[in-house]
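Trainee: Sharing a structure below in structure tokens format, with a few things to ask.
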Amino acid sequence: MTRNSLGYLVREAGRGLTRNVWMAVASISTVAISLFVLAVFVAVSANVNHVTTLLQNEVELRVFVKPHTSRSVEMNLLKQARNWPDVRKVEFFSKHEAAQQLKKEFPHQQALFAVIAKSNPLFDGYDVYTGSANEIPQVAQRFSKEPIIHNVVYEGNVVSRITRLSHIVRWAGWIVEALLALATMLIIVNTIRLAVFSRRREIQVMRLVGATNWFIRWPFVLEGLVIGFLGAGAAEAVVAASYGWVSSAAAVSVPFWPLAGMHLVIVRTSLFTGIGGFMVGGVASLIALRRFLRV
Amino acid sequence: MTRNSLGYLVREAGRGLTRNVWMAVASISTVAISLFVLAVFVAVSANVNHVTTLLQNEVELRVFVKPHTSRSVEMNLLKQARNWPDVRKVEFFSKHEAAQQLKKEFPHQQALFAVIAKSNPLFDGYDVYTGSANEIPQVAQRFSKEPIIHNVVYEGNVVSRITRLSHIVRWAGWIVEALLALATMLIIVNTIRLAVFSRRREIQVMRLVGATNWFIRWPFVLEGLVIGFLGAGAAEAVVAASYGWVSSAAAVSVPFWPLAGMHLVIVRTSLFTGIGGFMVGGVASLIALRRFLRV
Amino acid sequence: MIRLEGVSKRYANGHHGLMDVTLTVNRGEFVFLVGPSGAGKSTLIRLLYGEDRPTSGQVVIDQFRLQKMTWRQLPRLRRQLGIVFQDVKLLPARTVYQNVSFAMEVVGASRKEVTRRVPQVLELVGLSRQRDSFPDQLSGGEQQRVGIARALVNQPIYVLADEPTGNLDPETAADIMRLFLEINRRGATVVMATHARDLVNQLQKRVIAIESGQVVRDEVKGAYGYDA
Amino acid sequence: MIRLEGVSKRYANGHHGLMDVTLTVNRGEFVFLVGPSGAGKSTLIRLLYGEDRPTSGQVVIDQFRLQKMTWRQLPRLRRQLGIVFQDVKLLPARTVYQNVSFAMEVVGASRKEVTRRVPQVLELVGLSRQRDSFPDQLSGGEQQRVGIARALVNQPIYVLADEPTGNLDPETAADIMRLFLEINRRGATVVMATHARDLVNQLQKRVIAIESGQVVRDEVKGAYGYDA
Ligand SMILES: Nc1ncnc2c1ncn2[C@@H]1O[C@H](COP(=O)(O)OP(=O)(O)OP(=O)(O)O)[C@@H](O)[C@H]1O
Ligand SMILES: Nc1ncnc2c1ncn2[C@@H]1O[C@H](COP(=O)(O)OP(=O)(O)OP(=O)(O)O)[C@@H](O)[C@H]1O
Ligand SMILES: [Mg+2]
Ligand SMILES: [Mg+2]
Numbered sequence: 004m005t006r007n008s009l010g011y012l013v014r015e016a017g018r019g020l021t022r023n024v025w026m027a028v029a030s031i032s033t034v035a036i037s038l039f040v041l042a043v044f045v046a047v048s049a050n051v052n053h054v055t056t057l058l059q060n061e062v063e064l065r066v067f068v069k070p071h072t073s074r075s076v077e078m079n080l081l082k083q084a085r086n087w088p089d090v091r092k093v094e095f096f097s098k099h100e101a102a103q104q105l106k107k108e109f110p111h112q113q114a115l116f117a118v119i120a121k122s123n124p125l126f127d128g129y130d131v132y133t134g135s136a137n138e139i140p141q142v143a144q145r146f147s148k149e150p151i152i153h154n155v156v157y158e159g160n161v162v163s164r165i166t167r168l169s170h171i172v173r174w175a176g177w178i179v180e181a182l183l184a185l186a187t188m189l190i191i192v193n194t195i196r197l198a199v200f201s202r203r204r205e206i207q208v209m210r211l212v213g214a215t216n217w218f219i220r221w222p223f224v225l226e227g228l229v230i231g232f233l234g235a236g237a238a239e240a241v242v243a244a245s246y247g248w249v250s251s252a253a254a255v256s257v258p259f260w261p262l263a264g265m266h267l268v269i270v271r272t273s274l275f276t277g278i279g280g281f282m283v284g285g286v287a288s289l290i291a292l293r294r295f296l297r298v
Numbered sequence: 004m005t006r007n008s009l010g011y012l013v014r015e016a017g018r019g020l021t022r023n024v025w026m027a028v029a030s031i032s033t034v035a036i037s038l039f040v041l042a043v044f045v046a047v048s049a050n051v052n053h054v055t056t057l058l059q060n061e062v063e064l065r066v067f068v069k070p071h072t073s074r075s076v077e078m079n080l081l082k083q084a085r086n087w088p089d090v091r092k093v094e095f096f097s098k099h100e101a102a103q104q105l106k107k108e109f110p111h112q113q114a115l116f117a118v119i120a121k122s123n124p125l126f127d128g129y130d131v132y133t134g135s136a137n138e139i140p141q142v143a144q145r146f147s148k149e150p151i152i153h154n155v156v157y158e159g160n161v162v163s164r165i166t167r168l169s170h171i172v173r174w175a176g177w178i179v180e181a182l183l184a185l186a187t188m189l190i191i192v193n194t195i196r197l198a199v200f201s202r203r204r205e206i207q208v209m210r211l212v213g214a215t216n217w218f219i220r221w222p223f224v225l226e227g228l229v230i231g232f233l234g235a236g237a238a239e240a241v242v243a244a245s246y247g248w249v250s251s252a253a254a255v256s257v258p259f260w261p262l263a264g265m266h267l268v269i270v271r272t273s274l275f276t277g278i279g280g281f282m283v284g285g286v287a288s289l290i291a292l293r294r295f296l297r298v
Numbered sequence: 033m034i035r036l037e038g039v040s041k042r043y044a045n046g047h048h049g050l051m052d053v054t055l056t057v058n059r060g061e062f063v064f065l066v067g068p069s070g071a072g073k074s075t076l077i078r079l080l081y082g083e084d085r086p087t088s089g090q091v092v093i094d095q096f097r098l099q100k101m102t103w104r105q106l107p108r109l110r111r112q113l114g115i116v117f118q119d120v121k122l123l124p125a126r127t128v129y130q131n132v133s134f135a136m137e138v139v140g141a142s143r144k145e146v147t148r149r150v151p152q153v154l155e156l157v158g159l160s161r162q163r164d165s166f167p168d169q170l171s172g173g174e175q176q177r178v179g180i181a182r183a184l185v186n187q188p189i190y191v192l193a194d195e196p197t198g199n200l201d202p203e204t205a206a207d208i209m210r211l212f213l214e215i216n217r218r219g220a221t222v223v224m225a226t227h228a229r230d231l232v233n234q235l236q237k238r239v240i241a242i243e244s245g246q247v248v249r250d251e252v253k254g255a256y257g258y259d260a
Numbered sequence: 033m034i035r036l037e038g039v040s041k042r043y044a045n046g047h048h049g050l051m052d053v054t055l056t057v058n059r060g061e062f063v064f065l066v067g068p069s070g071a072g073k074s075t076l077i078r079l080l081y082g083e084d085r086p087t088s089g090q091v092v093i094d095q096f097r098l099q100k101m102t103w104r105q106l107p108r109l110r111r112q113l114g115i116v117f118q119d120v121k122l123l124p125a126r127t128v129y130q131n132v133s134f135a136m137e138v139v140g141a142s143r144k145e146v147t148r149r150v151p152q153v154l155e156l157v158g159l160s161r162q163r164d165s166f167p168d169q170l171s172g173g174e175q176q177r178v179g180i181a182r183a184l185v186n187q188p189i190y191v192l193a194d195e196p197t198g199n200l201d202p203e204t205a206a207d208i209m210r211l212f213l214e215i216n217r218r219g220a221t222v223v224m225a226t227h228a229r230d231l232v233n234q235l236q237k238r239v240i241a242i243e244s245g246q247v248v249r250d251e252v253k254g255a256y257g258y259d260a
């Protein structure tokens, strides 16, 4: 592409965008709005994943040691377990610590603790965290084969439900994200097609005076790219601003639920809006033009 | 409106929609897609609310009775409490039942239960459910004033967190729903404006041969209504079909999480899509026309 | 009666369309507007039906004082007029028949009247065979004749025709001119901008010559007057 | 050389545009196409630059056999042609200058050439003063002259002009006709559909008369031949 034709290209695209300012605004805002919706969803989904990850940091296995095992044997197994590749973290607790925890969880069962204080019926044990949920069974089995182990307890019903749910939510998130991305894409394509449609006569005249298809196409593609880019930029700016606001608000009102970092969210959403806007904008122009070049 | 002009109106709108089938398809599909996204969100939000309601059905207060209180006195208070307007449900449990439940929750703490079995240190009590979360403190206070009550236990940390979260999620849901509705509205308005834009010459010619503004407007408004209606219908059909599929799939894979009923979801989403499509479609046509009638 | 008083039209880009034009056309007159390309003929006609507004001066048609009319009131005026546009301005989504019948629907004509009158007018301009064609399926001259049919179908009191024969062969042009004469004979006032020298010379009607936005000649039984 | 062999064009709605037309136009000829409105003149011209394709028969222009050309190849042919469309077909978002320069950019002319040639052509058609106006800011005749300037700016080998003087006053029309003659004198082949009887009669060029889609007359030094 020569300097001359690059100038032509830029001038043409500029003309297309500025001649009907109103139409450019309509296209760009439609793109921005639909990308914004997509970005909001991506941000929400990033947070769900974030929470899921945090949930996985909760205890996954509780392993109890047979009574009357010596502390040094227990520490030995602890060291060993720390080297297992599928064990992310493992922590030892004595039966005294277990009693303390129980006391904390049921502060009002005074009578119960009176009993425990007299002769502690609880066990020493380990809190075990695996790399991922699917590794739980194999780790559990490995522990239960150790001679000093009394039994292995999977996490309670509630936590397992939450984990399972969060898996489903995560998956559903991906599916909905994909669907939404598709929907956004279609909206962008339709919008640009409608915009191109109102200029069909112009395109046909260009053909009739001898312009080649690419001579006609390039400015439209550039225009589509610019519309997509501006739309994506606007969406991303609003996302960044409002996410900043939401996360500082959340830090006050739901301090126990840390939102995913701004950085992560911006990267993820701009990945989507960038592709959705910039790429699709350009491709949409190509698609939109096709029918009007057959003259 | 005479029979004659009604015929004109319908014929005109039909012509507008059928003459450029392609453009009609682009507009209708854009409307359908954006309404579908809105509807999906409404459906999700309905389910979140549903779950929130279900969560509120979990025990909210546990009230323990002083040891050695007679069963008839306990039953008396139970009857009384059932008549308190802010108590939705109240259930009695004996200390034996409490022990059973503990056993179920910690099936592996055999030693502990050996102790309990010998001399049960637990209490009789009530599980109390209030109408809403804000009524918990007043109900708790009323119970604690009763002479036979030993102490009142609020729900655990986790459940209170979830409740608090679900409140936030519900609110956030409303806000996002409103934003999304606004976004959808803007997309529909833009789409119809773009569609009308490509017919601006036609509108101006009508003015020049003496048509009044309403003579020109009505067919466009009807067209907008039809586009909105068809878009909303398509979105609603897909929502109904896919929601049916999702809820039957969910019944298998997450049986513990009952989805909100189809009926409820359809009513709520069609409320949104109906207003979003039908109304906005018509109004958008009016807005879109304005600039081209000044000739 | 059509009356222009000191009418000037200066376009937004600074070009002058008309400069200080004063003239009167009485009911029942037949007036040719002639003048070179870009003289201001179309500008004058556009001012008469309110597509443009004069920069200064008054335009009055019967009881309508155009500068006092809002956008909403203009249709009342336009229904009294039959306009042939220089660029034809057909409705692309309608057939020949529908383009013509639209002009009748606009004024609220009954269905019966429409089905009686439209084929009649199409016959007059020689387009019976094309009644179901769309504008883009017509030749240039055929399109122009649809525009003429549309202007005449309501039997307007005033006919404003902007080069109605530009795309017609001389024979068809003469036929169309006879049609306008006939309409005028029945009482309609006709204002026609035209380049058809032969027809103007032949008919000996009032001729108003415009050059550079100004009336340079106004003869009761005039000739085209520019000899190439 | 332009050659049509047994060319028929039947439109989708069943109307006949051309029926079995065979004719040859040699390099350097000046040919008038005449005939009543709807005869098929525009149809013939549209077949020459490939906007329409014949239902049967062959259209050949020099090395280009039109029925064998794909959409992508058509620009190669069209760059050899200068086309004046009956409905003008200007680009609405461009000024007069840009409309004309676009035709040069299309063929890849250098910037220098464009800035030299465009004002020159605008001067020829008398539009220097309007160079920065947009099409909707021009009179009908001015628009038509922009179309003519665009067709001639690339000094094409073939000029296809479809009623290029329909909206022009006789004087300007004569000027424009002289322009086409001059171009023809320098070697360009000109095919012009027209209704300008006086000009055709005066110039004594080849005249092909078409009626109802058929060639009814082909005279080397012909006259318009229809007398109203
Ligand atoms: N919308 C506009 N904006 C700016 N200038 C205009 C506009 N319309 C017309 N003009 C200019 O006003 C002058 C008169 O134009 P008008 O259309 O009235 O000419 P005309 O007599 O009808 O010519 P023709 O015979 O070519 O149709 C021309 O110089 C034209 O360029
Ligand atoms: N796209 C089309 N579809 C159907 N019929 C058409 C189409 N284009 C032209 N025709 C018909 O073909 C015939 C010839 O049309 P054409 O445009 O060639 O006439 P013309 O000689 O150029 O007439 P004019 O002098 O009025 O421009 C006409 O009867 C017209 O109605
Ligand atoms: Mg004019
Ligand atoms: Mg023609």
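Protein chains in written order, with this note's numbering: chain W, 4 to 298; chain G, 4 to 298; chain D, 33 to 260; chain E, 33 to 260. For every residue, glycine included, the Cβ atom is placed at its ideal position computed from N, Cα and C.
(1) Should S133(D) be flagged as near chain E, meaning a C-beta pair shorter than 8 Å?
(2) Assuming P196(E) contacts I180(E) under a Cβ cut-off of 8 Å, what Cβ separation, rounded to an integer in Å, is found between them?
(3) Of all the options S273(G), S245(G), A102(G) and L296(G), which has the alpha carbon lying nearest to the alpha carbon of G231(G)?
(4) What residues of chain G sit near I152(W), judged by a beta carbon separation below 7 Å?
(5) According to the Cβ coordinates, are V242(G) and V76(G) closer than 8 Å?
(6) Roughly how many whole angstroms lie between the Cα atoms of D94(D) and R108(D)?
(7) Excluding the five sequence neighbours on either side, which residues of its own chain have a C-beta within less than 6 Å of the C-beta of V53(E), listed in chain order?
(8) Kindly indicate which residue of A49(W), I191(W) and V155(W) has the alpha-carbon position closest to the one of I290(W).
(9) Within 7 Å: the Cβ of A225(D) and any heavy atom of ligand 1?
(10) Could you confirm whether any beta carbon from chain G is found closer than 8 Å to the beta carbon of V43(W)?
(11) Comparing the CB of V91(E) with every heavy atom of ligand 5, is any distance shorter than 7 Å?
(12) Does the segment 199 to 213 of chain G come within contact of the segment 98 to 118 of chain D, defined as at least 3 CB pairs closer than 8 Å?
(13) Please list, in chain order, the chain D residues whose beta carbon lies closer than 7 Å to that of V298(G).
(14) Can you look up V161(W) in the DSSP assignment and give me helix, strand or coil?
(15) Heavy atom of ligand 2 less than 7 Å from the Cβ of N199(D), yes or no?
(16) Closest to P235(D) by CA distance: which of R218(D), S171(D), Q99(D) and F64(D) is it?
(17) Rounded to whole angstroms, what's the CA-CA distance from I206(W) to V222(E)? Just pull it up for me.
(18) Which partner residues of T221(E) appear in the DSSP bridge assignment?
(19) Within the chosen definition, does the segment 95 to 104 of chain G reach the segment 123 to 132 of chain G through at least 3 CB pairs nearer than 8 Å?
(20) Which runs of the beta strand (DSSP E) fall wholly inside the segment 74 to 134 of chain E and span at least 3 residues, in chain order?
(21) Cβ of G213(W) less than 8 Å from any chain E Cβ?
(22) If we define contact as Cβ-Cβ less than 8 Å, is R249(E) a contact residue for chain D?
(23) On a CA-only basis, which of G172(D), S244(D), V91(D) and R59(D) is nearest G67(D)? Give me that one, please.
(24) Name the DSSP beta bridge partners of H48(D), please?
(25) Taking a cut of 9 Å between CB atoms, which residues from the segment 190 to 203 of chain G lie near chain W?
(26) Determine the chain W residues that contact P124(E) at a beta-carbon separation under 7 Å, and present them in chain order.
(27) Taking 7 Å as the cut-off, is the beta-carbon of D168(D) closer than that to any non-hydrogen atom of ligand 2?
(28) Along the beta strand (DSSP E) that carries V247(E), what are the first and last residues, could you check?
Mentor: Looking at the coordinates:
(1) Closer than 8 Å: no.
(2) Rounded, the Cβ-Cβ distance is 5 Å, consistent with contact.
(3) Answer by Cα proximity: S273(G).
(4) In chain order: nothing, as chain G lies at least about 12 Å away.
(5) Not in contact: V242(G) and V76(G) (Cβ atoms no closer than 8 Å).
(6) It is roughly 12 Å from the alpha-carbon of D94(D) to the alpha-carbon of R108(D).
(7) Within the same chain, Cβ atoms closer than 6 Å to the Cβ of V53(E) are found at L36, V39 and V247, the five residues on either side in sequence being excluded.
(8) Of the candidates A49(W), I191(W) and V155(W), I191(W) places its Cα closest to the Cα of I290(W).
(9) Within 7 Å of the C-beta of A225(D) there is at least one heavy atom belonging to ligand 1.
(10) At least one chain G Cβ lies under 8 Å of V43(W).
(11) Ligand 5 is not among the ligands present in this structure, which contains only ligand 1, ligand 2, ligand 3 and ligand 4.
(12) As far as the Cβ criterion goes, the segment 199 to 213 of chain G touches the segment 98 to 118 of chain D, which means the pair count is three or higher.
(13) Listed along chain D are E83, each with a C-beta nearer than 7 Å to that of V298(G).
(14) At V161(W) the pLDDT is 45, less than 50, meaning the model places this residue with poor confidence and gives no usable figure here.
(15) The answer is yes for N199(D).
(16) Looking at the sequence shown, residue 235(D) is not Pro but Leu. Comparing alpha-carbon positions, the option among R218(D), S171(D), Q99(D) and F64(D) lying closest to L235(D) turns out to be F64(D).
(17) Spanning the two alpha carbons is a distance of roughly 26 Å.
(18) In the DSSP assignment, the residues bridged to T221(E) are Y190(E).
(19) Segment contact: the segment 95 to 104 of chain G against the segment 123 to 132 of chain G, three or more CB-CB distances shorter than 8 Å; contact assigned.
(20) If we require 3 residues or more, the beta strand (DSSP E) runs fully inside the segment 74 to 134 of chain E come out as 88 to 93 and 113 to 116.
(21) Yes, G213(W) counts as interfacial toward chain E.
(22) So no, R249(E) is outside the interface.
(23) Nearest to G67(D) by alpha-carbon distance, out of G172(D), S244(D), V91(D) and R59(D), is S244(D).
(24) In DSSP, H48(D) forms a bridge with R42(D).
(25) Those residues of the segment 190 to 203 of chain G that come within reach of chain W (Cβ to Cβ, closer than 9 Å) are I190, V192, N193, T194, R196, L197, A198, F200, S201, R202 and R203.
(26) From the beta-carbon of P124(E), the residues of chain W found nearer than 7 Å are E205.
(27) Closer than 7 Å to some heavy atom of ligand 2: that describes the Cβ of D168(D).
(28) For V247(E), the enclosing beta strand (DSSP E) has its first and last residue at Q246 to E251.
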